[in-house]
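Enquirer:
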Amino acid sequence: MNDNPFHEKIIQLVENWKIEKLCNDYFAEQFLWKVKGSGQFSTTYTSKEEYFEKALNRLSRHIREGATISVLDSYSVRDTLILELEGQMTTISGQPYHNQYCWIIKTDKEKITSITAYLDTLLLERVINQEEATSSGSKQS
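Below, the structure is given as structure tokens:
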């Protein structure tokens, strides 16, 4: 159990894959989502709208219902929450997408001001590119 009630709320939303609610309800007006790595998704999103459009919605279109994300560990110190996460997802075409994440979440007055996410961005890129190629190929048929 976390002794910071707001951090505990964040953990519950992540564990229940309520990422959209997390974004809509708790991202600050001035917000940054930094994705570390070396793929096309390794970038900094400067608003929740940009994050939704270029990252979350793009991935969500290709993932079957039933995706899970597990919080393996969490650390909470003052305004910082660090989550070690493991995702278990399946794409629309049936391909497994299992990734591991570390999110460093900065908070201020019950708002999330930034998230720095470490993950295998090349795996994410490969999965999305394959799904987009499959879905565009099926549209041409």
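Numbering that gives the first Met the number 0 puts the first residue of the sequence shown at 0, with every later residue one more than the last. Heads up, the beta-carbon is just placed ideally off N, CA and C, and yes, glycines get one too. These figures come from a predicted structure and were not determined experimentally.
Tell me whether the beta-carbon of T115 lies closer than 8 Å to the beta-carbon of K33.
Expert: Residue 115 sits at position 116 when you count from the first residue of the sequence shown. Residue 33 sits at position 34 when you count from the first residue of the sequence shown. Yes, these two residues count as a Cβ contact at 8 Å.
Enquirer: Ordered along the chain, which non-local residues of its own chain (more than five positions away) have a Cβ less than 7 Å from that of K53?
Expert: Residue mapping note: residue 53 aligns to position 54 of the sequence shown, counting from 1. So the qualifying residues of the chain are Y44.
Enquirer: Distance check for S135 and L82, CA to CA, integer angstroms please.
Expert: Within the sequence shown, numbered from 1, the residue matching residue 82 stands at position 83. Within the sequence shown, numbered from 1, the residue matching residue 135 stands at position 136. Rounded to the nearest angstrom, the two C-alpha atoms are 35 Å apart.
Enquirer: Write down the C-beta distance between V126 and Q99 rounded to the nearest angstrom, noting that I regard them as a contact closer than 8 Å.
Expert: Along the sequence shown, one-based indexing puts residue 126 at 127. Along the sequence shown, one-based indexing puts residue 99 at 100. Not really, about 14 Å apart at Cβ, beyond 8 Å.
Enquirer: Return the bridge partner residues of A116 from the DSSP annotation.
Expert: As a position in the sequence shown, residue 116 is number 117, starting the count at 1. Answer by DSSP bridge pairing, in chain order: V34 and W102.
Enquirer: Can you confirm whether the segment 67–82 touches the segment 12–22 when touching is taken to mean that 3 or more C-beta pairs between the two stretches lie within less than 8 Å?
Expert: yes
Enquirer: So, at 8 Å on beta carbons, what are the nonlocal neighbours of E21 in its own chain, with the 5 sequence-adjacent residues on each side left out?
Expert: One-based indexing of the sequence shown puts residue 21 at position 22. The question names Glu, but residue 21 in the sequence shown is Leu. Around L21: I9, L12, V13 and I111.
Enquirer: In chain order, which beta strand (DSSP E) runs of at least 3 residues are fully inside the segment 54–107?
Expert: 67–76, 79–89 and 95–107
Enquirer: Name the two residues that bound the continuous alpha helix (DSSP H) containing E49.
Expert: Along the sequence shown, read from residue 1 onward, the residue named residue 49 stands at position 50. Where E49 is concerned, the enclosing alpha helix (DSSP H) stretches over K47 to Y50.
Enquirer: One question on the structure: do K47 and Y117 come within less than 8 Å of each other, judged by their Cβ atoms?
Expert: Working through the sequence shown from its first residue, we reach residue 47 at position 48. Working through the sequence shown from its first residue, we reach residue 117 at position 118. Contact flag unset, no.
Enquirer: Return helix, strand or coil for K17, following the three-state DSSP convention.
Expert: On the sequence shown, residue 17 is found 18 positions in, with the first residue counted as 1. Coil at K17, not helix or strand.
Enquirer: So, with DSSP's three-state summary, where would you put T43?
Expert: By 1-based counting over the sequence shown, the position of residue 43 is 44. Strand.
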